[in-house]
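Asker: Right, I'll just put the structure down here and ask away after.
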Amino acid sequence: MSQAAFKSEAQNDRADIEGTVWTYLDGLHEGDVEKLAASFHPVSHLYSIDDKGNVTDLPRDTWFEWVKKRPSPKSQKLPRHDKIVSVDQSGPATAFVKVECAIPPRFFTDYLSLIKTNEGWRVVSKSFKTDVKEA
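This is the structure we're talking about:
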């Protein structure tokens, strides 16, 4: 593959990765589980640290049930604080994305691991940190 072709493919991948991440952020803000499912692979898990310092492991489908039960940030007219901080693509099928988002008063830093599947880029793992503060 020529250098120009490689660069073009990398730019397309970057746009596709960011598209997947924005679908996630839109789904989070809107409480839209279909959008979340379009961005998170069925085997994906979410990880964080609880108040006692223990790692929590939340399967995607359990998270989706929580999202369905809570009022969406959009329905509460909460402002968006979404930002893609960085994208690191280590090869043609793996990427790591740092994102900032919020459901005020909770502000999140997400670290998303993505893999390029036959269906496109999908999040396979989300590790996140939560801060509670006033907007």
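Here our numbering is used: the first residue of the sequence shown is 7, the next is one more, and so on.
C-beta: ideal position from N, C-alpha, C; glycine also.
From a predicted model like this one, the values you see are computed outputs, not experimental measurements.
To the nearest angstrom, how far is it from the Cα of Pro110 to the Cα of Asn124?
Answerer: Looking at the two C-alpha atoms, the distance is approximately 35 Å.
Asker: Whole angstroms are fine: how far does the CA of Thr62 sit from the CA of Trp127?
Answerer: Going from the Cα of Trp127 to the Cα of Thr62 covers about 25 Å.
Asker: Could you pull out every residue in the same chain whose Cβ sits closer than 7 Å to the Cβ of Phe12, ignoring the five residues on either side in sequence?
Answerer: Model confidence at Phe12 stands at a pLDDT of 47, short of 50, so the residue's coordinates are unreliable; what they give is reported in the following sentence. Around Phe12: no qualifying Cβ.
Asker: Can you give the Cα-Cα distance for Trp72 and Gly37, rounded to whole angstroms?
Answerer: Roughly 10 Å between the two C-alpha positions.
Asker: Which residues bound the alpha helix (DSSP H) around Arg66?
Answerer: Here the alpha helix (DSSP H) through Arg66 covers 66 to 75.
Asker: So, is Val138 buried or exposed, given that buried needs 16 or more other C-beta atoms within 10 angstroms?
Answerer: The residue in question, Val138, is exposed, as its Cβ has fewer than 16 Cβ neighbours within 10 Å.
Asker: Is the segment 19 to 39 close to the segment 49 to 62, with three or more CB pairs under 8 Å?
Answerer: Taking 8 Å as the limit for Cβ pairs, the verdict is that the segment 49 to 62 does not touch the segment 19 to 39.
Asker: Spatial neighbours of Lys122 within its chain, please: CB distance less than 6 Å, with the 5 preceding and 5 following residues excluded, ordered by chain position.
Answerer: Ala99.
Asker: To the nearest angstrom, report how far apart Ala43 and Val129 are at their CA atoms.
Answerer: Going from the Cα of Ala43 to the Cα of Val129 covers about 10 Å.
Asker: Where do the N-terminal and C-terminal ends of the alpha helix (DSSP H) with Lys41 fall, by residue?
Answerer: Element bounds for Lys41: 39 to 45.
Asker: Roughly how many whole angstroms lie between the Cα atoms of Gly97 and Arg112?
Answerer: Approximately 33 Å between the Cα atoms of the pair.
Asker: If Leu120 and Val103 are in contact, beta carbons under 8 Å, what's the gap, nearest whole angstrom?
Answerer: Sure, about 6 Å apart at Cβ, within 8 Å.
Asker: Over what stretch of residues does the beta strand (DSSP E) that includes Ser119 continue unbroken?
Answerer: Ser119 -> beta strand (DSSP E) spans 112 to 123.
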